[in-house]
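The structure under discussion appears below in the form of structure tokens.
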Amino acid sequence: MKPLRNEILACAEGPVLSREDDRAFELTYHFGKDFTAFAGHFPGRPILPAFVQLLAGECAMQTRARREVVLQRVKRAKFLKPIQPDQKITVCWREQPADGGVRGSFTLLADGEKAATFTLEMTVTGQADV
Numbered sequence: 022m023k024p025l026r027n028e029i030l031a032c033a034e035g036p037v038l039s040r041e042d043d044r045a046f047e048l049t050y051h052f053g054k055d056f057t058a059f060a061g062h063f064p065g066r067p068i069l070p071a072f073v074q075l076l077a078g079e080c081a082m083q084t085r086a087r088r089e090v091v092l093q094r095v096k097r098a099k100f101l102k103p104i105q106p107d108q109k110i111t112v113c114w115r116e117q118p119a120d121g122g123v124r125g126s127f128t129l130l131a132d133g134e135k136a137a138t139f140t141l142e143m144t145v146t147g148q149a150d151v
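To convert, take the position in the sequence shown, counting from 1, and add 21; that gives my numbering.
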């Protein structure tokens, strides 16, 4: 899974941007047609797998924290529209403290349209990873 995480991290475009306050952020990704996760999902009509959308949220938070984050739980997730190669993906999220870790409430926008929403609970390790 680490190689896929590294590939996701490499697809980030630009820095993490702060939004309304110090707990809201966004990061843009570009997953081109050669991105590993599109292979075989689905032939002739590739879409970004749901688990990769969750990992993109985790990687965005990791990039902001500049520390490794470890997913503990997916609280809820709704995948509203398929994400295709070469769409501009904006990961927007809000962070809150949660039982010894952090909770992120995420919205993924594909070319400006809501594609997914989910909430992840994670712990942040002491190791610098990014």
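Virtual Cβ for every residue (Gly too), placed ideally from N, Cα, C.
Rounded separation between residue i and residue j - CA only
{"i": "T140", "j": "W114", "result": "9 Å"}
{"i": "F127", "j": "L101", "result": "13 Å"}
{"i": "P67", "j": "A136", "result": "15 Å"}
{"i": "P64", "j": "K54", "result": "12 Å"}
{"i": "G35", "j": "L129", "result": "16 Å"}
{"i": "T84", "j": "L30", "result": "8 Å"}
{"i": "P106", "j": "R97", "result": "25 Å"}
{"i": "P24", "j": "A71", "result": "17 Å"}
{"i": "A45", "j": "V37", "result": "10 Å"}
{"i": "A77", "j": "G121", "result": "22 Å"}
{"i": "L99", "j": "L75", "result": "The question names Leu, but residue 99 is Lys in the sequence shown. Straight-line Cα distance between these residues: approximately 11 Å."}
C-beta contact flag for residue i and residue j at 8 Å
{"i": "G125", "j": "E134", "result": "no"}
{"i": "V91", "j": "M143", "result": "yes"}
{"i": "T146", "j": "R87", "result": "no"}
{"i": "I104", "j": "A60", "result": "no"}
{"i": "V123", "j": "A81", "result": "no"}
For residue i, the first and last residue of its enclosing beta strand (DSSP E)
{"i": "K102", "result": "Counting along the chain, K102 falls outside any beta strand (DSSP E), and DSSP gives it neither H nor E."}
{"i": "F59", "result": "Careful: F59 lies outside any beta strand (DSSP E) and carries neither H nor E."}
{"i": "F46", "result": "A45 to H51"}
{"i": "G122", "result": "G122 to A131"}
{"i": "P118", "result": "K109 to A119"}
{"i": "T140", "result": "E134 to V145"}
Limits of the unbroken alpha helix (DSSP H) element including residue i
{"i": "E79", "result": "A71 to A86"}
{"i": "P24", "result": "K23 to A31"}
Presumed contact (8 Å Cβ cut-off) between residue i and residue j, rounded CB distance
{"i": "K109", "j": "T57", "result": "19 Å between Cβ atoms; not a contact."}
{"i": "C32", "j": "H51", "result": "6 Å"}
Residue-level contact to chain B via CB, residue i, 8 Å cutoff
{"i": "R26", "result": "You won't find chain B in this structure, because it holds only one protein chain."}
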